[in-house]
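See below for the structure under consideration.
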Amino acid sequence: MVTWALVLIYFILFCLAIKHLSFFKKSGLKPAFLWSMLGIKFVVSLGLFYIYTIHYPNRSEADIFKYFDDSEVVYASLYDSPTNFAKLMLEYDIDNDYYFEHYLQHMNNWDRMYDTNVYNDSRTIIKFNAFFRLFSFGEFHVHSLFFCFLSLIGTVALYRVVKKMFLKGQNLLVLLMFLLPSVLLWSSGVLKESILIFALGLLFLALDKLLHFKERRIPIIAILLTLLLMVYIKFYVLVAFIPAITCYIIAHYSAWKKWKIYLPIIVGFGLLALFSKHIPPHMDFVKILEGKQEDFVRLAEFQDAGSKFELTDIDQSFFGIVKVIPEGILNCFIRPLPWRANSTLSIPAVLENLFVLGLLFMGISQIIRRKVSVHHEHMNFLWFSVIFVLLLYAIIGVTTPVAGALVRYKVPALPFLMVVLVYLLKDTKWVSVIDNRLKIKQ
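The numbering of the sequence shown is this note's numbering, which starts it at 3 and goes up by one.
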């Protein structure tokens, strides 16, 4: 009873924020629509709770539970000493016997099963949950609502950036950004993807204000904080983001055609990654990729993952890297394969892939037939989105040998992919019909 009372209270507070805060008003979306989205996301989070409860009876193996459960140890330290809590949250001066005996050894996910040179992002979501416990009284569904609201903020922020690109097709774009099944599912739970969508959306909104509206102080602070959050929540997303955003910023200040800016910069980053073996191990990107692939293969074999498939081994040579990149991108677009859909949960993912591929083929057809009108001011964001999606798909696709995990890990790229595809199709008749029938905007 306490759980649902708290959920109702916080849901009302979030709805009031949606109605009155200028952040949401500037999106141009109706408050009722955003309230509905928050409600839908929370209902989906209940479905995710049910799925993980059924399929992962051992809570220590369920992503939505294991970080939440570990956060209780961090939160309990507050009652021992506020200093202990602060040190654990900041990871300051905790590498000693006292913190190990009292706290660290009681958490299952503070340290990885397999050690790598990359920061353990599990600690970040543990600390998010520990902070939310200050307001949730330890009620899991309250945490779910908080995470739903975070991802809603990120999606609204990203929509605010791209909506000016769409005189046509805005309603379809909104539906796909908010309701694409995998994005809706995996950004509606106590999971890293919710935080990632939050960080990416705010990062791009702050960058847009900095570049186009010449605002300085708040956007710069927001950019630094969200970049830092991405470092600590999913480093590989930042790895894909940095080359793409570097191109985006340079192209913004250049009069050159965008592809002439993007091509040499991306090639430069690629060569840097290939020759990173000559720099310290923690900066050796190819070595890190190889280690991530090996770790994931071992984990998939240990857990006997049902949707596991074979990956080509990463070879630290020019041709070794080049040959796995197309395979990685293709894996993200087509897996799980329709004939390998051996569970109820994989069917929506298969249908979504077919839908996205259908949009992609129609978009390419529009380009071939030269029926796409692209405003020069929009070209930069479109190029950024394409590069970011391809880089992230390549990284995920060459390191993840489990189709179910692929569906989840590519979630941060999908809103950007939807922007590109809807833009290519915005002048078609069926998009106009959808736009005319939907009443989402104010």
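A virtual CB, placed ideally from N, CA and C, is assigned to each residue, including glycine.
The residues Val424, Val433, Ile436, in chain order, have a CB closer than 6 Å to that of Leu174 in the same chain once the five nearest residues on each side in sequence are set aside. DSSP places Leu193 in the coil class of the three-state scheme, outside both helix and strand. Unbroken alpha helix (DSSP H) runs of no fewer than 4 residues, entirely contained in the stretch 178–259, are found at 183–188, 194–214, 219–235, 237–254, following chain order. Counting along the chain, Asp99 sits inside the alpha helix (DSSP H) bounded by residues 99–104. In the three-state scheme derived from DSSP, where H, G and I count as helix and E and B as strand, Val324 is classed as helix.
Cβ neighbours of Leu394 within its own chain (closer than 6 Å, five residues either side excluded): Ala242, Ala415. If you look at Met109, you'll find it isn't in any alpha helix (DSSP H); DSSP assigns it neither H nor E. With respect to the C-alpha of Leu384, the residue from Val185, Phe130, His254 having the closest C-alpha is His254. The alpha-carbon of Met364 is positioned some 54 Å away from that of Tyr105. The beta-carbon distance between Val192 and Asn122, rounded to whole angstroms, is 17 Å. This is too long to meet the 8 Å contact definition. Within a 10 Å sphere around the beta-carbon of Leu136 sit fewer than 16 other beta-carbons, which makes this residue exposed. Linking Ile252 to Tyr264 through their CA atoms gives a straight-line distance of about 9 Å. Measuring C-alpha to C-alpha distances from Arg410 to each of Ile128, Val352, Ile20 identifies Val352 as the nearest. Of Thr248, Met167, Leu361, the smallest CA-CA separation from His378 is found for Met167.
The criterion of a C-beta distance shorter than 9 Å is not satisfied by Ile397 and Ile235.
Burial is judged here by how many other beta carbons sit within 10 angstroms of a residue's own beta carbon; His145 has at least 16 and is buried. With a 10 Å radius around the Cβ and a threshold of 16 neighbouring Cβ atoms, Glu312 comes out exposed.
Secondary structure at Lys28: coil, using DSSP grouped into helix, strand and coil. Sixteen is the threshold: when 16 or more other Cβ atoms of the shown chains lie within 10 Å of the Cβ of Val185, as they do, the residue is buried.
Cβ-Cβ separation between Ile155 and Gly203: approximately 7 Å, consistent with a contact (criterion under 8 Å). Scanning Ile220, Leu8, Tyr101, Gly140 for the CA closest to the CA of Phe70 turns up Gly140. The three-state reading of DSSP puts Lys310 in strand, counting E and B together. Straight-line measurement puts the Cα of Ile96 at about 38 Å from the Cα of Asp317. Distance from the CA atom of Glu103 to the CA atom of Leu80, rounded to whole angstroms, is 16 Å. For Pro403, no alpha helix (DSSP H) segment is defined, and its DSSP state is neither H nor E. In the DSSP assignment, Leu136 falls within the unbroken alpha helix (DSSP H) covering 124–138. Between Met179 and Phe133, the C-beta spacing is not below 9 Å. Ranking Leu392, Phe16, Leu152, Glu63 by CA distance to the CA of Ala201 puts Leu152 first. For Glu354, the enclosing alpha helix (DSSP H) stretches over residues 348–370.
In its chain, beyond the 5 residues on either side, Tyr105, His108, Met109 have a beta carbon closer than 7 Å to the beta carbon of Val75. The straight-line gap separating the alpha-carbon atoms of Thr346 and Ile56 is approximately 13 Å.
Phe87 and Arg372 have their C-alpha atoms some 60 Å from each other. For Cys17, same chain residues with a beta-carbon under 6 Å away, outside a window of 5 residues either side, are Trp37 in chain order. Nearest neighbour of Asp65 by Cα position, chosen from Pro33, Tyr161, Ser190, Tyr12, turns out to be Ser190.
Phe44 is not a Cβ neighbour of Val158, given a cutoff of 9 Å.
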